[in-house]
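So in the working numbering, spot 64 of the sequence shown is number 64, and the numbers just go up one at a time.
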Amino acid sequence: MLKASYYYLCPRPMGGWILHKEGCVNLSKNDKRVFIGSLYTRQQALAVAKVHHANAILCNACLSTFICPTSSSTAIKPVRAATPTRHTPKH
């Protein structure tokens, strides 16, 4: 079972918002950070963040795909090309 983590949005100096996980070295303690919830995955946190701020991005320090890969797989899976399937008999 996945453990929930706290996620925060912080304003970027150049505009926009950056999503951090609790404990991140780049998470500022300022009053402008916004708690978005206790969530289970970074994808879930990013979806919630984008509801509030469409230009939100992931922090490279705490939510990078190289630092915290998805729980389903640590290896990158190759993309398979779609193959057409005939569902009706050929006449």
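Beta carbons: idealized from backbone N, C-alpha and C, even for Gly. Just so it is clear, the structure is predicted and the values come from calculations on it, not from any experiment.
Counting only runs of 4 or more residues that sit fully inside the region 1-78, the alpha helix (DSSP H) segments are 42-52, in chain order.
Closest option to residue 11, judged by alpha-carbon separation, among 39, 30, 46: 30.
Around the beta-carbon of residue 86, fewer than 16 other beta-carbon atoms lie within 10 Å, marking it exposed. By the CB criterion at 8 Å, residue 61 and residue 19 fall outside the cutoff.
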